[in-house]
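Inspection log for the structure reproduced underneath, given as structure tokens.
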Amino acid sequence: MNAVIDVRANPSAAPQSGSTHPGAATAPASAKSTTRAGTVFSDTPGLPRLFQSNFDYQLARGMLAGAYGDGGAVGESYSTARRIKDKDIESWTVAWTATADRIEGIARKCLSGGHIVSAREAFLRASVYWRTGFFYLETKDPRQLEMYKHHRSCFGQAAMLFDPPIETVTIPYENGKTLPGYFMRASADGVPRATVMILGGGDSTCEELYDFGGGAAAVRRGYNAFLWEGPGQVGAFAEDKTLTYRPDYEVPTRYAVDYVLSRHDVDPKRLALSGLSMGGYFAPRAVAFEKRVTAVIANSLIPAMVPPMLLLLGLKDTHGEDLESKVDLSDPMKKFFVTDVQERCGMAGKSLAAFLDNLSHYTLAGLEGKITCPLLSIAGEGEGQSANDLGHVFYEKLTCQKTERVVTSAEGGEAHCQINNPSLKHQIEFDWLDDIFKKNKS
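In terms of my numbering, the sequence shown opens at residue 9 and continues consecutively.
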């Protein structure tokens, strides 16, 4: 019998410790909604609220690695934010560039002095700040690629300073192409272990999956973590502009699984795929076809790309002429989607109507019965009722073993992908995986 846990409407009703249901997760019984209805990146009670725009969400994102003691520091982030004018992308870029450059300098000085832990921590912080700084830049701005290279280089420097080191991986892909990745071992003992493949979304990089995605959280719990990017994602596209997004993400996932299962330190019976943000479409789509994956996490579950994109852009539908004039491009996040994301979908120079038509092919419709491995769906209350309902309607149609969890404002993790409470996010995900994999251990 399929186990179904629905803690969407009342998280306090989730099974308590000792429940026979896998992935039981609890929330305060007094938890009530304090978040207004909005879109995915709305300001919510658990964000800093230094800015009125999406700058606030990205500021919180820059601080999230602090949960692991080796990422973005709160003080550095706040002092940087104070130098930024809301919605002014140039001031955002300049301020974060200065901070990133300064912290990278500290990292190099620590490394030259033999202070390995200090160097590793500073390189990780610098990597976070470089990514934060280039976030809103368009591809035509040469600073975007230059800052991305600093972001990747700093992470690579830190990766070599871990014990065991984080391995830089090149995944063979179609037509002689490759995809980037990192493999994090829980131990160097070579024992086959449960492994989670972590995939970002429309704006995340492979490197930030270390903290944001759960790489560090996985290793702390004895899991291996494979951080990777598919075509269209920031790093893959930066290296090769022909690698644009594709709706059939089961194809790149197959290549990634091939690599992971080629390793002797991976237990093939305990292989999870975790997708964040737009990855909440990619991951469920992939496991509908890729049956070597034995558990999947969607955070947040996206059954089709057009509806949430309309919500993000403030559009009612895809009809009518000159849709561009209806999008407020003074909003940094809206501009980001119709420039950077549109280009990485292979739609550079095309109309917004054409872009939305392209996204119509990104759908899980008809795949409900093909998703057969256990699935965890996580959402944040602050993502808005409309967005959460889209995922819930699809979730209800699934016939696999499934668990649904909506994190509330009262819990302090209501923002998109629980960006403001990564520890809670990872507790929910890995406690669920622990329970799912108990019976699958080799």
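Positions of the beta carbon are idealized from the N, C-alpha and C atoms, including for glycine.
In terms of DSSP beta bridges, what is residue i paired with?
i: Met205; result: Phe234 and Leu281
i: Ile379; result: Bridge partners of Ile379: none, in fact.
i: Phe191; result: Glu175 and Phe234
i: Ala303; result: Ala280
i: Pro180; result: Thr186
i: Ala312; result: Thr371
i: Val415; result: Gly388
i: Val274; result: Arg201
Express the C-alpha separation of residue j and residue i in angstroms, rounding to a whole number.
i: Pro430; j: Gly421; result: 8 Å
i: Ala373; j: Lys117; result: 53 Å
i: Gln426; j: Ala387; result: 8 Å
i: Thr347; j: Gln241; result: 14 Å
i: Ser270; j: Pro200; result: 12 Å
i: Val259; j: Tyr289; result: 14 Å
i: Gln60; j: Lys342; result: 14 Å
i: Leu331; j: Leu360; result: 6 Å
i: Ala106; j: Tyr137; result: 9 Å
i: Gln1; j: Glu112; result: Absent from the model: residue 1. The displayed extent of the chain is 9 to 450, so no value can be given.
i: Phe142; j: Asp397; result: 32 Å
i: Ser212; j: Arg91; result: 24 Å
i: Asp336; j: Leu321; result: 8 Å
i: Tyr218; j: Arg133; result: 12 Å
i: Ile444; j: Arg278; result: 9 Å
i: Lys185; j: Ile206; result: 20 Å
i: Arg128; j: Gly122; result: 11 Å
i: Ala81; j: His327; result: 45 Å
i: Phe49; j: Val125; result: 35 Å
i: Met155; j: Glu98; result: 14 Å
i: Ser417; j: Met71; result: 18 Å
i: Asp64; j: Val314; result: 25 Å
i: Ser338; j: Ala108; result: 26 Å
i: Asp439; j: Pro150; result: 43 Å
i: Ala103; j: Gln165; result: 23 Å
i: Glu404; j: Asn183; result: 38 Å
i: Thr176; j: Arg110; result: 25 Å
i: Phe402; j: Glu329; result: 31 Å
Report yes if the CB atom of residue i is closer than 7 Å to the CB atom of residue j, and no otherwise.
i: Glu391; j: His424; result: yes
i: Ala89; j: Ile114; result: no
i: Gly209; j: Met286; result: yes
i: Ala233; j: Gly223; result: yes
i: Leu367; j: Met317; result: yes
i: Tyr257; j: Arg293; result: yes
i: Phe245; j: Arg69; result: no
i: Thr380; j: Cys408; result: yes
i: Ala1; j: Pro382; result: This structure cannot settle anything about residue 1, because the visible part of the chain is limited to 9 through 450.
i: Phe163; j: Ser120; result: no
i: Val414; j: Glu376; result: no
i: Ala280; j: Leu441; result: yes
i: Pro340; j: Lys95; result: yes
i: Ser394; j: Leu323; result: no
i: Glu298; j: Thr261; result: yes
Closest to residue i by CA distance: which of the options is it?
i: Arg254; options: Cys214, Ala291, Val227 and Arg271; result: Ala291
i: Arg193; options: Asn307, Ala167 and Leu309; result: Ala167
i: Pro180; options: Pro239, Arg151 and Tyr156; result: Pro239
i: Ala196; options: Phe170, Glu329 and Asn183; result: Phe170
i: Tyr263; options: Trp236, Lys157, Ala68 and Ala246; result: Trp236
i: Arg160; options: Asp149, Thr140, Gly184 and Lys148; result: Thr140
i: Val268; options: Ala246, Glu216, Phe191 and Ser338; result: Phe191
i: Lys410; options: Ala418, Thr416, Ser417 and His400; result: His400
i: Thr252; options: Ala108, Asp275, Leu187 and Phe344; result: Leu187
i: Ala226; options: Thr101, Gly198, Trp100 and Glu437; result: Glu437
i: Gln452; options: Lys405, Arg228, Asp273 and Gly354; result: Here the chain covers residues 9 to 450 and nothing more, so residue 452 does not appear.
i: Phe220; options: Leu432, Gly230 and Asp339; result: Leu432
i: Lys148; options: Pro56, Ala108, Thr176 and Ala356; result: Ala356
i: Asp273; options: Asn62, Leu364, Lys447 and Gly198; result: Gly198
i: Leu284; options: Asp275, Glu298, Ser308 and Arg151; result: Ser308
i: Gln66; options: Glu329, Val102 and Tyr144; result: Tyr144
i: Gln152; options: Pro56, Phe344 and Phe363; result: Phe344
Buried or exposed: residue i, going by 16 or more other Cβ atoms within 10 Å of its Cβ?
i: Lys249; result: exposed
i: Thr203; result: buried
i: Pro311; result: buried
i: Asp266; result: exposed
i: Ser333; result: exposed
i: Tyr231; result: buried
i: Asn428; result: buried
i: His158; result: buried
i: Gly54; result: buried
i: Asp275; result: buried
i: Asp51; result: buried
i: Glu146; result: exposed
Determine whether the Cβ of residue i lies closer than 7 Å to any Cβ atom of chain B.
i: Glu422; result: Protein chains in the displayed structure number just one, and chain B is not present.
Under 6 Å: does the beta carbon of residue i sit that close to some heavy atom of the ligand ATP?
i: Ala246; result: As presented, the structure is devoid of all ligands, the ligand ATP included, so that no description of it is given.
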